[in-house]
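Comments concern the structure below.
Numbering (our numbering), first residue to last: 18 to 297.
Here is the structure:
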């Protein structure tokens, strides 16, 4: 969509003097706005109610308890389009060790149960965050099982995959039985595109999909697409050591992200899913 001057004037911002489209992912339209008081970052979702950004705003507020995030400046709806205005952060270089420690601080924020107050119903893979007292129930019923059903609907699921998944599902139940799992605040989509360093080197998390869950679930995403060095994991471990068996459980959390990509991009990720399923 083209942002008209009439549309822009309805934003609760100082006078806008320039607008530049920027890369904002595959969900939002994103812009850098220059106002008389400085730059801001604008996300727009056309033909959508203001509720579209509620989960992201709630996530930024939750993460902000423990780590640097962009400030939420305004959110709402203009002419039937949802918008979110964030602080514009100039990027720089920073320490992976410090980033690991920052993520560990996030994971030390806890809740009594697993889930979150808001659902993430945007995008192609909606997620329900109904509170659960048991992590395994949450992970299987509100994360893995819905992706398997969607893969079946898209004819991406074979009897062989189902048989292997049934075994993995039971393995998850068995390995988590009797294991203490603290409901930890998670970023929820912790890949390299969702962190940055500010100009003074401060680690900053962006574009969250938060929930309270097993912290190992968050770390699994960091292992799939790269962008996190050994210093990141050293910083994390020095701040919040992982429990024995983490490496054995990791593939069962990688499975979620790989299933998501199977649903989004098809058999490009089929072999990766099959490799995890084959490990049992």
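Glycine included, C-beta positions come from ideal geometry on N, C-alpha and C.
Here the structure is a predicted model, which means the values were calculated and not measured.
Using only the alpha-carbon positions, how far apart do residue i and residue j sit?
{"i": "residue 198", "j": "residue 152", "result": "7 Å"}
{"i": "residue 121", "j": "residue 210", "result": "18 Å"}
{"i": "residue 40", "j": "residue 58", "result": "11 Å"}
{"i": "residue 221", "j": "residue 117", "result": "11 Å"}
{"i": "residue 269", "j": "residue 48", "result": "37 Å"}
{"i": "residue 114", "j": "residue 22", "result": "44 Å"}
{"i": "residue 256", "j": "residue 163", "result": "34 Å"}
{"i": "residue 125", "j": "residue 148", "result": "19 Å"}
{"i": "residue 193", "j": "residue 56", "result": "47 Å"}
{"i": "residue 50", "j": "residue 32", "result": "10 Å"}
{"i": "residue 175", "j": "residue 267", "result": "24 Å"}
{"i": "residue 14", "j": "residue 180", "result": "The requested residue 14 is not part of the displayed model; the chain covers only 18 to 297."}
{"i": "residue 100", "j": "residue 65", "result": "9 Å"}
{"i": "residue 284", "j": "residue 95", "result": "39 Å"}
{"i": "residue 72", "j": "residue 190", "result": "29 Å"}
{"i": "residue 127", "j": "residue 230", "result": "9 Å"}
{"i": "residue 160", "j": "residue 150", "result": "15 Å"}
{"i": "residue 156", "j": "residue 196", "result": "15 Å"}
Check whether the Cβ atoms of residue i and residue j sit closer than 7 Å, and answer yes or no.
{"i": "residue 63", "j": "residue 98", "result": "yes"}
{"i": "residue 89", "j": "residue 202", "result": "no"}
{"i": "residue 111", "j": "residue 44", "result": "no"}
{"i": "residue 92", "j": "residue 70", "result": "yes"}
{"i": "residue 107", "j": "residue 216", "result": "yes"}
{"i": "residue 52", "j": "residue 25", "result": "no"}
{"i": "residue 188", "j": "residue 297", "result": "yes"}
{"i": "residue 119", "j": "residue 165", "result": "no"}
{"i": "residue 235", "j": "residue 204", "result": "yes"}
{"i": "residue 109", "j": "residue 214", "result": "yes"}
Between which residues of its own chain and residue i is the CB-CB distance below 6 Å, once the five residues before and five after are set aside?
{"i": "residue 146", "result": "132, 133, 136, 228"}
{"i": "residue 75", "result": "135"}
{"i": "residue 206", "result": "226"}
{"i": "residue 104", "result": "87, 88"}
{"i": "residue 252", "result": "114, 117, 118"}
{"i": "residue 102", "result": "57, 59, 90, 91"}
{"i": "residue 224", "result": "211"}
{"i": "residue 28", "result": "none"}
{"i": "residue 38", "result": "48"}
Go through its chain and collect everything with a Cβ distance to residue i's Cβ below 8 Å, but skip five positions before and after it.
{"i": "residue 274", "result": "237, 238, 241"}
{"i": "residue 18", "result": "46, 61, 63, 98"}
{"i": "residue 129", "result": "200"}
{"i": "residue 290", "result": "178, 272, 275, 276, 279"}
{"i": "residue 281", "result": "141, 142"}
{"i": "residue 265", "result": "192"}
{"i": "residue 20", "result": "36, 48, 61"}
{"i": "residue 233", "result": "259, 263, 266, 267, 270"}
{"i": "residue 218", "result": "109, 110, 111, 112, 115"}
Taking the DSSP output, what are the residues bridged to residue i?
{"i": "residue 101", "result": "60, 92"}
{"i": "residue 132", "result": "229"}
{"i": "residue 46", "result": "61"}
{"i": "residue 222", "result": "212"}
{"i": "residue 144", "result": "137"}
{"i": "residue 52", "result": "33, 55"}
{"i": "residue 108", "result": "215"}
{"i": "residue 25", "result": "DSSP output for residue 25 lists no bridge partner at all."}
{"i": "residue 38", "result": "48"}
{"i": "residue 299", "result": "Outside the modelled stretch of the chain, which goes from 18 to 297, sits residue 299, for which no answer is possible."}
{"i": "residue 149", "result": "131"}
{"i": "residue 85", "result": "221"}
Comparing the CB of residue i with every heavy atom of the ligand FMN, is any distance shorter than 6 Å?
{"i": "residue 130", "result": "No copy of the ligand FMN occurs in the structure displayed, which carries no ligand at all."}
Return the chain-ordered list of same chain residues with a C-beta closer than 7 Å to the C-beta of residue i, the five sequence neighbours on each side being excluded.
{"i": "residue 271", "result": "237, 240, 241, 293"}
{"i": "residue 184", "result": "297"}
{"i": "residue 79", "result": "202, 227"}
{"i": "residue 182", "result": "165, 294"}
{"i": "residue 67", "result": "92, 93, 94, 99"}
{"i": "residue 250", "result": "117"}
Could you check whether the segment 244 to 262 touches the segment 163 to 176, counting it as contact only if at least three pairs of C-beta atoms, one from each stretch, sit closer than 8 Å?
Cβ pair count under 8 Å is below three, so no.
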